[in-house]
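Numbering-wise, the sequence shown is residues 1 to 63 according to UniProt numbering.
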Amino acid sequence: MKPIVNDSCIGCGTCEAVCPEVFKMEDKDDRIIAVVQKADYKTNKDKVDEAITACPVQAISWE
Ligand code: SF4
């Protein structure tokens, strides 16, 4: 399983603050959005779940 970020991301930075091992803010097409980095998703599962809950626009889910 891998976390994914959909187009509704507003670039608030919360997921990166909660789990910087997995989420990183990036400038893409003049927008700041969260991208999923290569990481051990299993080890970071709890923090990814926390980021999913904390995301204000429900942009993160497990693939
Ligand atoms: S918490 Fe949600 S809206 Fe904020 S940067 Fe992460 S994916 Fe985007």
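The C-beta atom is built at its ideal place from N, Cα and C for all residues, glycine as well.
When the options are compared against residue i, the one with the closest alpha-carbon
i, options, result
"D30", "K47, G11, I52", "G11"
"I33", "M1, V22, D7", "D7"
"E50", "C9, C19, E63", "C19"
C-alpha distance - residue i paired with residue j, whole-angstrom precision
i, j, result
"T53", "N44", "14 angstroms"
"P56", "V22", "18 angstroms"
"D27", "V35", "10 angstroms"
"M1", "G13", "22 angstroms"
Helix, strand or coil at residue i according to DSSP, with G and I counted as helix
i, result
"E21", "coil"
"E26", "strand"
Boundaries of the beta strand (DSSP E) in which residue i is found, first to last residue
i, result
"I52", "No beta strand (DSSP E) holds I52; the alpha helix (DSSP H) holding it covers 45 to 54."
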